[in-house]
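Beneath this line is the structure, given in structure tokens, with notes to follow.
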Amino acid sequence: METFFIIAGIVLFTTMWAEIYRVMAGPTAIDRIVAVNVIGTKTTVLLVFIGTIFGRVDMFVDFALAYGLLNFVGSLAASRYFHRCLPYTTPIDAPEKRKKTSGGNRTEIS
Amino acid sequence: MTIAINILSILLIVTGLFLFLGASVGLVRLPDFYTRMHAAGMGDTLSALLVVLGFAVYQLHGFHDIRHDWPVLLVILKLLAICVFIMVTSPASTHALMDAGYEEGCEPLTKEGGNALKEDLARTRGEDTHDSEEDSLS
Numbered sequence: 021m022e023t024f025f026i027i028a029g030i031v032l033f034t035t036m037w038a039e040i041y042r043v044m045a046g047p048t049a050i051d052r053i054v055a056v057n058v059i060g061t062k063t064t065v066l067l068v069f070i071g072t073i074f075g076r077v078d079m080f081v082d083f084a085l086a087y088g089l090l091n092f093v094g095s096l097a098a099s100r101y102f103h104r105c106l107p108y109t110t111p112i113d114a115p116e117k118r119k120k121t122s123g124g125n126r127t128e129i130s
Numbered sequence: 011m012t013i014a015i016n017i018l019s020i021l022l023i024v025t026g027l028f029l030f031l032g033a034s035v036g037l038v039r040l041p042d043f044y045t046r047m048h049a050a051g052m053g054d055t056l057s058a059l060l061v062v063l064g065f066a067v068y069q070l071h072g073f074h075d076i077r078h079d080w081p082v083l084l085v086i087l088k089l090l091a092i093c094v095f096i097m098v099t100s101p102a103s104t105h106a107l108m109d110a111g112y113e114e115g116c117e118p119l120t121k122e123g124g125n126a127l128k129e130d131l132a133r134t135r136g137e138d139t140h141d142s143e144e145d146s147l148s
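Taken in order, these protein sequences are the chains called A and B.
Numbered per this note's numbering, the first sequence spans residues 21 to 130.
Numbered per this note's numbering, the second sequence spans residues 11 to 148.
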């Protein structure tokens with residue numbers, strides 16, 4: 021059974037290289053963030069693998085939980101950073117603060 | 011009983027690894043930002059769920075009596091908590107990243123080759139630009 025866990029962990033680690041390719045060659049920045057998010061989820065699972073192989077699941081489960089939490093917060097913060105929605109407070113004074121840039125679709129605070 | 015637990019856990023873990031492989035292949039091979047996001051979000055959630063559930067089943071080996079084996083029960087509950095956590099957070103982060111990509115202006119791959127996203131954004135933001143022009147005039 022331990023041999024099966026080792027082989028499955030190696031397979032899981034090998035599939036991470038596909039996301040490494042997407043991180044390096046992604047056309048947009050969001051592609052790279054999605055790939056990093058997938059790598060984080062796989063690392064959460066891989067920590068449970070490592071704990072089972074070493075016989076210390078009670079310790080490594082906490083690591084996996086904390087890593088999943090950090091991964092979620094990190095990807096959410098990165099997506100909020102790339103989200104170009106305007107943080108205006110009242111709709112009355114908002115339109116004079118925004119101006120159209122040369123890109124066309126995107127609006128930014130002047 | 012031991013063989014049944016082993017077979018069930020191996021079945022769950024192998025299914026999860028297969029879906030992980032499918033998510034990786036989809037993330038590399040699909041042509042568009044939105045389809046890649048779909049492959050990553052769907053495959054990630056279900057496969058991580060299946061693998062962690064397989065480990066929770068495997069932990070039943072050390073569980074015989076609740077008075078002596080309560081740490082094993084605690085580990086099983088933590089693994090189920092990881093399952094619930096991944097089930098909640100992975101679609102949420104996928105949705106947030108998809109929204110960011112939509113606002114960023116990633117173009118979807120259409121059959122005609124036209125830019126459907128630009129028209130959609132112009133339609134949703136038409137009122138905003140109209141308001142700003144009106145305000146700057148007055």
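Positions of the beta carbon are idealized from the N, C-alpha and C atoms, including for glycine.
Neighbours of F102 (chain A) in chain B, taken as residues at a C-beta separation under 9 Å, are given in chain order as L107, A110, G111, E113, E114. At least one C-beta of chain B is nearer than 7 Å to the C-beta of G88 (chain A).
The segment 49–66 of chain B makes contact with the segment 17–36 of chain B, as at least three CB pairs between them are under 8 Å.
When the five nearest sequence neighbours on each side are left out, the beta carbons in the same chain lying within less than 8 Å of the beta carbon of T12 (chain B) are those of H71, in order along the chain. In this structure L85 (chain A) is in contact with I92 (chain B), their Cβ atoms being roughly 6 Å apart against a cut-off of 8 Å. For L22 (chain B), same chain residues with a beta-carbon under 6 Å away, outside a window of 5 residues either side, are L60, L63, G64 in chain order. The segment 33–40 of chain B makes contact with the segment 25–40 of chain A: 3 or more CB pairs, one atom from each, lie closer than 8 Å. Between the alpha carbons of A45 (chain A) and N91 (chain A) lies a gap of roughly 21 Å. R76 (chain A) and E114 (chain B) have their alpha carbons spaced roughly 44 Å apart.
One alpha carbon belongs to S103 (chain B), the other to A110 (chain B), and they sit about 11 Å apart.
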